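Let me begin by presenting the structure, written as structure tokens, before commenting on it.
6 protein chains.
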Amino acid sequence: MRILIINPNSDETMTKAIQETAKAFANNEYSVICKHIPGAPKFIETYEDQTVAAPGMIQLVRENEEDFDGFIIACHCDPNLDTLKEITKKPVVGIGEASMKIASMLGHSFSVVSMTKHSIPNKEALIKKYHLLDALASVRSPDETIKYENDEAKFLATAKTTINEDLAEVIVLGCSGMTGMDKRLEKELGVPVLDGVICALIILTGLIKYNVSTSKVRRYKA
Amino acid sequence: MRILIINPNSDETMTKAIQETAKAFANNEYSVICKHIPGAPKFIETYEDQTVAAPGMIQLVRENEEDFDGFIIACHCDPNLDTLKEITKKPVVGIGEASMKIASMLGHSFSVVSMTKHSIPNKEALIKKYHLLDALASVRSPDETIKYENDEAKFLATAKTTINEDLAEVIVLGCSGMTGMDKRLEKELGVPVLDGVICALIILTGLIKYNVSTSKVRRYKA
Amino acid sequence: MRILIINPNSDETMTKAIQETAKAFANNEYSVICKHIPGAPKFIETYEDQTVAAPGMIQLVRENEEDFDGFIIACHCDPNLDTLKEITKKPVVGIGEASMKIASMLGHSFSVVSMTKHSIPNKEALIKKYHLLDALASVRSPDETIKYENDEAKFLATAKTTINEDLAEVIVLGCSGMTGMDKRLEKELGVPVLDGVICALIILTGLIKYNVSTSKVRRYKA
Amino acid sequence: MRILIINPNSDETMTKAIQETAKAFANNEYSVICKHIPGAPKFIETYEDQTVAAPGMIQLVRENEEDFDGFIIACHCDPNLDTLKEITKKPVVGIGEASMKIASMLGHSFSVVSMTKHSIPNKEALIKKYHLLDALASVRSPDETIKYENDEAKFLATAKTTINEDLAEVIVLGCSGMTGMDKRLEKELGVPVLDGVICALIILTGLIKYNVSTSKVRRYKA
Amino acid sequence: MRILIINPNSDETMTKAIQETAKAFANNEYSVICKHIPGAPKFIETYEDQTVAAPGMIQLVRENEEDFDGFIIACHCDPNLDTLKEITKKPVVGIGEASMKIASMLGHSFSVVSMTKHSIPNKEALIKKYHLLDALASVRSPDETIKYENDEAKFLATAKTTINEDLAEVIVLGCSGMTGMDKRLEKELGVPVLDGVICALIILTGLIKYNVSTSKVRRYKA
Amino acid sequence: MRILIINPNSDETMTKAIQETAKAFANNEYSVICKHIPGAPKFIETYEDQTVAAPGMIQLVRENEEDFDGFIIACHCDPNLDTLKEITKKPVVGIGEASMKIASMLGHSFSVVSMTKHSIPNKEALIKKYHLLDALASVRSPDETIKYENDEAKFLATAKTTINEDLAEVIVLGCSGMTGMDKRLEKELGVPVLDGVICALIILTGLIKYNVSTSKVRRYKA
């Protein structure tokens, strides 16, 4: 089984980190490669970033369709997921959708820890699209008035607030740039902490083994 | 006041028809031009079509931002509306959103007459995005087992079914390719029939006169 | 084109303020008059106030139906809107519905700045009626424990709280008594601030030009 | 305990029928009187009918507030219920709200049998107001193309359709004009059939015994 | 009329308190007995507690079906309510459902005062089941960082917070262990305070008098 | 990795069929055993069936907690899922929840093919619990007026109707008794057909590899 993870931005460091996470989880049971999109933005933050990344993402899927069994979009806003689901017969999984739907199976409600306040409404729009508003405790970004030692401390504090104030029972890391922090945060927080890359691997490898893919009857008909 | 209507596809006939509708409604009170996207698909039907149209749409807005007071996206699936709202400070209105929100003010529930069965779920996803599911009677496409004299007869029959079976009180034309049929259908049906191009002009010219535009505080911050 | 704005209360000062706002926006392109209801309460706050205002509102529409092309109800709780939509074939627009539906096109979510805490649940009930709960950031009234210089300072502080705490992206002025403050607040707040009277004029003049009105097929059949 | 049932229309025959139903259910355990509104329409069908009935309803409550322990509005569209809840400290129950909330406790979903197709959207709007859309199987009116022996046969056929086609498990009689048919229909249908007048008596006598009434803290503050 | 109240736990003190409340409300108009489940947990807090209580509850209903006219489940999480509705033709009412549906008729929104933070999500899941999320102001448990004189003071403070912060207009006591406090709290709070045992008696005695019970057509077919 | 599949009924044939499906999918990558509940009903259809199965299910989990890495409940109504999630620290997956959440990732909407009309409302209640109503095309049971060659032909016809009439894009087999039919139906239908046992294996083996389980912070705290 061969999985291609698409990092929709052009950041090589993030690409490597995602690949590391994926390879560790794959544990040599299947092959997994992460590729970024040359010419895409350094970081996917705006709707325009998503649009700019699209042609490269489409090209990557088309060029690799024969060689891979399924695709993951490794940006938590699931950019161009509908388009990719449509253009290929192979299964495609977004790390946003996978992580939040798995989160909804592990507790009463989940919170998404987001990079910036700017991204909160965009994430809420995505959560609404996935019918998950009733399972959402909150989307929270770090308190910008506080200085933290490092990023991990910042996200830890944010997650703690969602658990105590918003009654979150599961934490979803809201950016693939947070990959690798899940188990350390989980240890501190005492609730499940989900890395979208791993959640997408769980769903995607399952779909491939089961030999099912996107329905092509109407919405995702090419 | 100068309005630019963006026809996201590359069909010149449709572009002309849209412009005709718009000019007739504008009645020389303001200037309105419709431009299509060279190199875009002939018809926007799939998610990939929307993606392929995006760069040309962005370019058109950027090149014309100084010369126009606002923009309309003249495809009823509102392709790339979030992106255009984000990249310009000028107001941007989609004919899908404008027509369905105005429809919700004119009766208990509305139905969208859609070109093909294929587009029904995509339209439903859009309607959900706009929080309008509770005001929706149905999305219907013509019965493909029946032969009709012409397109207009086909859409008329479909609209009649939505009024009688689904209890629709307002009809929304679900494609800018239906422009020009509204008043003839309305006469036959006895309920309001909305052309999205005109609905978008109503909202957009209003926003321009009122000097308000997309909020730039978070979701649509460039 | 001739528009009649109905101020459902009997306050002449408010009637004049509404008329001033409307005339300035109309800019001599059409005629607009605001009339209040003699014998109606000084201020529409309770359900009984709405009921007491009803006969005068009905009479005003009936007496003026021939002379005007459409009607606006200039109270943000849209009193008797269903009744007026029903009794006349001319279009009727409520400033509550118009302002909140336009707000939902300008940002991720909106907040309504309300006069008093007492009116918050009533406003929420109205927002639910219009299917807009998912687009609502909050309804807030001024903090009654703080002394403000003047009303405008009070509403400004309230709006700021909705933007910072509730992540509102658009502000809706929740009472026609706030007419005239919109652009000054907008300048301070940096997000769109909507006066319902102007929003209703945008929709109503558009409907009149488009020659569409309330569907008479069922819910609003006289 | 003394109950006043308000028949918002001016039909004496209906008033008597309601009173008969109520007296039979009261079984001399408490006093119950039904009064109609002189000058109100013969039948409450439109929003204007509701508005026209309002002053008489308010007057009736005010004049009888001291002498009665609670009030019922005996029209299934619950006209002016918010207003009456607001103007009196005594409990007020609408037969629409009472019957549909009790219906939601007796089965998975309920259907309302309505007089005319015209009233379906109005009833749906009411059901949405009471948060009951998820418990609704359907609102149905009799098939107008079929001739029935009598009204009861017509409503029986309509109810059967809702049970078989819409999977309704409980039937709500959607008009106080159907009072008295409940047990005969129930015998034929094999599912609970609810008369709103009796449901309202159940709730209202309970509230009176419990000495609780409408909360006056905000929404229904006079 | 004979009512059997089932206390699903094995706490005799609570059983006596429930019976006292019920007898006082019944006022000798009907017979009411409260029985607990020998071998059930001392307090129903977890899902397992509900499961463990089930066989005893089923047995109690089966053994007493002939002798009683209806049953109440006197635990605010309504344990095994679907099962009991299914196994008997006699009406069954849960104090959770009855109290929260009556609450929704007495004000704009209600809050549930809950014993512990642990039970908040479980209560929210129940409220969603009953379609009442839109009428819910909040579920709140006492602030555990504060020392209170006694339980009643603790619940009073919690209820006050829901009224002031969450804009609750009606208070529902979220545990049958709070029985007897309603009128004292109501006096302090100035809004209706509902004891589920009494609310269930109101509904159940009404259903019995009306001779209606759970629909047996599908969902609750034995 | 060792998985225990709990068949909540006492039917050995079904237990074997489930185990066969599971073993084929596991493909020797992990160990999977299916056990039924001695003394449980032959078929889980009613709420009482679910209740009667509970003690055996709890006992099975408790006795096997040390020896297995996770549990699956192999009945599509997910009986006692909340209870099992609560009593063990190991992950527990229901085939209903797993199959319907995966279905929502493979197409616009899904339909559940159900055994009997009786089970439709119960399934709808479950779907509402999982926040999936917006992704549901329909729950359908076979047309009882038609004679079919065999069960598979019956479910095939039912699934075809959901695709054509209800616009379902994905089919979920609504009973573990249908295990083994998925790929044959899929070939005929041309859309993904999901067997809940396999979907649950996908999720559960993923959770085990990822070393995450049910959040124990509140709702599922033992």
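Protein chains in written order, with our numbering: chain A, 1 to 222; chain B, 1 to 222; chain C, 1 to 222; chain D, 1 to 222; chain E, 1 to 222; chain F, 1 to 222.
Virtual Cβ for every residue (Gly too), placed ideally from N, Cα, C.
Computed from a predicted structure; not experimentally measured.
Where E:Ile-72 is concerned, the enclosing beta strand (DSSP E) starts and stops at 70 to 73.
Between the region 45 to 52 of chain A and the region 73 to 92 of chain B, the count of C-beta pairs closer than 8 Å reaches three or more; the two stretches touch.
Setting aside the 5 residues that flank it on each side, C:Arg-2 is surrounded in the same chain by Ser-31, Phe-68 and Asp-69, each with a C-beta closer than 6 Å to its C-beta; the list follows chain order. Take the alpha-carbon of E:Ala-54 and the one of E:Pro-79: they are about 8 Å apart. With 16 or more other Cβ atoms from the protein chains shown falling within 10 Å of its own Cβ, B:Ala-135 counts as buried. Cβ contact annotation for E:Ala-200 (same chain, cutoff 6 Å, sequence separation greater than five): Ile-72, Val-93, Ile-95 and Ala-98, in chain order.
The beta carbon of D:Glu-186 lies closer than 7 Å to those of Pro-192 and Val-193 in the same chain, with the five residues before and after it left out. With contacts defined by Cβ atoms closer than 8 Å, A:Ser-109 and A:Glu-169 form a contacting pair. A distance below 8 Å separates the beta carbons of F:Ala-74 and F:Val-197. The residues Thr-88, in chain order, have a CB closer than 6 Å to that of D:Glu-65 in the same chain once the five nearest residues on each side in sequence are set aside. Under the DSSP assignment, D:Arg-2 falls in the beta strand (DSSP E) whose first and last residues are 2 to 7.
Taking a C-beta cut-off of 9 Å against chain F, the contacting residues of the region 147 to 174 of chain D are Leu-167 and Glu-169, listed in chain order. Within the region 122 to 151 of chain D, the residues whose Cβ lies closer than 9 Å to any Cβ of chain B are, in chain order, Asn-122, Glu-124, Ala-125, Lys-128 and Leu-133.
Taking the C-beta atoms as reference points, A:Thr-179 is found no nearer than 8 Å to A:Pro-91. Note that the region 202 to 212 of chain A does not touch the region 114 to 123 of chain B; fewer than 3 beta-carbon pairs, one per stretch, sit closer than 8 Å.
Among the residues facing chain D, C:Ala-40 is not included, as its CB has no counterpart in that chain under 8 Å away.
Neighbours of C:Asp-78 across chain D, judged by C-beta separation under 7 Å, do not exist; the nearest C-beta is about 13 Å away.
Cβ neighbours of D:Thr-158 within its own chain (closer than 6 Å, five residues either side excluded): Val-113, Arg-140 and Pro-142. The residue among D:Val-61, D:Asn-28, D:Ile-33 and D:Asn-27 with its C-alpha nearest the C-alpha of D:Gln-19 is D:Ile-33.
Residue range 47 to 64 is occupied by the alpha helix (DSSP H) that includes D:Ile-58.
Counting of Cβ neighbours within 10 angstroms places F:Lys-101 among the buried residues, the total reaching 16 or more. In the three-state scheme derived from DSSP, where H, G and I count as helix and E and B as strand, F:His-36 is classed as strand. Residue burial is scored here from C-beta neighbours: C:Thr-162 has at least 16 other C-beta atoms within 10 angstroms and is therefore classed as buried. Per DSSP, D:Ser-176 is not a residue of any alpha helix (DSSP H), being assigned neither H nor E.
Interface residue (Cβ-Cβ distance to chain B less than 8 Å): D:Ile-120 is classified as such. Rounded to whole angstroms, B:Asn-164 and C:Lys-160 show a C-alpha spacing of 48 Å. With the criterion set as a beta carbon lying under 8 Å from some beta carbon of chain B, the members of the region 100 to 115 of chain C are Lys-101, Ile-102, Ser-104, Met-105, Leu-106, Gly-107 and His-108, in sequence order. C:Thr-145 and C:Ser-138 have their C-alpha atoms some 20 Å from each other.
Partner residues in a beta bridge of C:Gly-107, as assigned by DSSP, do not exist.
Going by C-alpha positions, D:Arg-62 is about 22 Å away from D:Glu-12. The beta carbon of A:Leu-156 sits closer than 8 Å to those of Leu-185, Glu-188 and Leu-189, all from its chain and outside the five residues before and after it, given in chain order. Taken atom to atom, the span from the alpha-carbon of F:Leu-60 to that of B:Glu-124 is near 44 Å. Relative to C:Ser-119, the option among D:His-131, D:Leu-126 and D:Arg-218 whose CA is nearest is D:Arg-218. Distance between A:Asp-166 and F:Lys-216, taken at the CA atoms: about 16 Å.
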